[in-house]
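1 is the number of the first residue of the sequence shown in UniProt numbering; add one for each residue after it.
Even for Gly, the Cβ is constructed at its ideal location relative to N, Cα and C.
The structure displayed is predicted, hence computed values, not measured ones.
Since the structure comes first, as structure tokens, the remarks are kept for the end.
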Amino acid sequence: MASAVHQNCHRLLTLLLRPLRAPAPHPRVSFSPRPAGVRSFFPAPGCRLGTDAVALAEPELVPPEEEDDGTRFVVVTFYKFLPLEDPRAEVASHLHFLQGRDIHGRIYLNEQGINAQYSGPRKDAAAYADWVKKDHRFCDMLVQTSPALAGHAFPRLKLRYKPSLVQLEGGSLHLPLLDPSMRAMPLTPSKWKERLEARACLDVSSSEMSGRKLLLLDVRNDYEWDVGHFEGAQRPNVDCFRSTSFGLSGEVSDPLNGVDKEKTDILMYCTGGIRCDVYSTILREKGFQNLYTLEGGVSNYLKAEGPAGWVGNLFVFDGRLSLPPATFRRTAACWPSSPSEEEERRWVGRCYACGSEVVELRHRNCANIDCNRLYMCVVVS
1 MASAVHQNCH
11 RLLTLLLRPL
21 RAPAPHPRVS
31 FSPRPAGVRS
41 FFPAPGCRLG
51 TDAVALAEPE
61 LVPPEEEDDG
71 TRFVVVTFYK
81 FLPLEDPRAE
91 VASHLHFLQG
101 RDIHGRIYLN
111 EQGINAQYSG
121 PRKDAAAYAD
131 WVKKDHRFCD
141 MLVQTSPALA
151 GHAFPRLKLR
161 YKPSLVQLEG
171 GSLHLPLLDP
181 SMRAMPLTPS
191 KWKERLEARA
201 CLDVSSSEMS
211 GRKLLLLDVR
221 NDYEWDVGHF
231 EGAQRPNVDC
241 FRSTSFGLSG
251 EVSDPLNGVD
261 KEKTDILMYC
271 TGGIRCDVYS
281 TILREKGFQN
291 LYTLEGGVSN
301 YLKAEGPAGW
311 VGNLFVFDGR
321 LSLPPATFRR
331 TAACWPSSPS
341 EEEERRWVGR
351 CYACGSEVVE
361 LRHRNCANID
371 CNRLYMCVVV
381 S
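Spelled out as structure tokens, the structure:
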């Protein structure tokens, strides 16, 4: 049965892919990579990597101080783990504040904290983040902002109580998320970069003598890796975080299978950081001792350090789907000026259907509703 479904997927994908529709200012589509029984089409990111990447991204790189009317749309993300005694009352308070404000997105609260990704005019988006941070419990929370040129990146606002702040098999309320010692140690982007450079220059003989190893772990999905990843990170063999089983499966393909839990430094990364924080508690309970995570995720790293060590774009779970690294920098001056350096960072993926090189990243959902897999593909007009 599974084989037949995949064969049908390939045939339908090849025959039924259609050109992307022009992006609407407020697209009413599903933004889940695999919504059950729903076929969705997304606006093309329109971002080509390589020597023209900066030119395409420059219109998005407008410093906040130049936007005096506050009408430009942005996407804001933040999360924080902390005990909330009455999360449903918190939801009501948040809903009350957002009345009359143009905010779309996903904002979830429960007994373990808050997880928010939303879009809106800069004025409204900033007002909500500022209001949350005025509460002393959230004052040290990292808030990340990126541009959304086509308007809202989410179809509507979903602000509610949710038993799990991330999609995880069995939920997350049973995990010790509120104990910082059970989560991975956060590394600032600069420290993360140092670790990557040290890993690249690691002398094998000295590593064998000391017995210590360093492993880079991408705690995302396969299609996210296909769009962009850190050099040296193995492609995850899952298509949703719920199915992640690093260190649990015992399979040969598991990058944590058989590693020394006491002498292996595991560097974990994801888009914004929350998936690593959650999954690190699972690994900690399994005996992995040296766990490190990229503070603020890849988006924070690209803003602080640029694309050093990163190849490709960054997949995001909203209507934009894929963002070039330049999106997260305020000026294009941070990018290398040498053509050879630009070429080194040029990322070429491959179409899932025909294997052709894909420089301009485009996505489709499989036309077979029993599959609905999110594909990176060549689009023929």
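- Looking at the backbone, the Cα of G151 and that of Q99 are separated by about 19 Å.
- Residue state for H152 is assigned as coil, using DSSP reduced to three classes.
- Comparing C-alpha distances from C139 to each of L173, V166, A153, Y79 shows the shortest one belongs to Y79.
- When DSSP states are grouped into helix, strand and coil, V259 belongs to the coil group.
- DSSP, reduced to helix, strand and coil, places R106 within a strand of the structure shown.
- Per the coordinates, the alpha-carbon of Y118 lies some 35 Å from the alpha-carbon of L214.
- Cβ contact annotation for K303 (same chain, cutoff 7 Å, sequence separation greater than five): F328, R329, in chain order.
- Exclusion of the five residues before and after V166 leaves N115, S172, F241, I274, R275, V278 as the residues of its chain whose Cβ lies within less than 8 Å of its Cβ.
- Taken through DSSP and simplified to helix, strand or coil, K133 comes out as helix.
- Going by beta carbons, P236 and D222 fall inside the 8 Å limit.
- Burial is judged here by how many other beta carbons sit within 10 angstroms of a residue's own beta carbon; K263 has fewer than 16 and is exposed.
- Remark: C-beta atoms of G312 and V227 approach each other more closely than 8 Å.
- For G250, the secondary structure class from DSSP, reduced to helix, strand or coil, is coil.
- Rounded to the nearest whole angstrom, the C-alpha separation of D86 and Q112 is 11 Å.
- DSSP places A233 outside both helix and strand once states are collapsed to three, so it counts as coil.
- At the C-beta level, L187 and T293 come within 8 Å of one another.
- In the structure shown, V219 falls within a coil segment according to DSSP collapsed to helix, strand and coil.
- Residues G120, D124, A127, Y128 of the same chain have their beta carbon placed closer than 8 Å to that of R101, with the five preceding and five following residues left out of the count.
- Taking the Cα positions, R137 is about 34 Å away from A308.
- Remark: C-beta atoms of P155 and T281 do not approach each other more closely than 8 Å.
- In the three-state scheme derived from DSSP, where H, G and I count as helix and E and B as strand, V238 is classed as coil.
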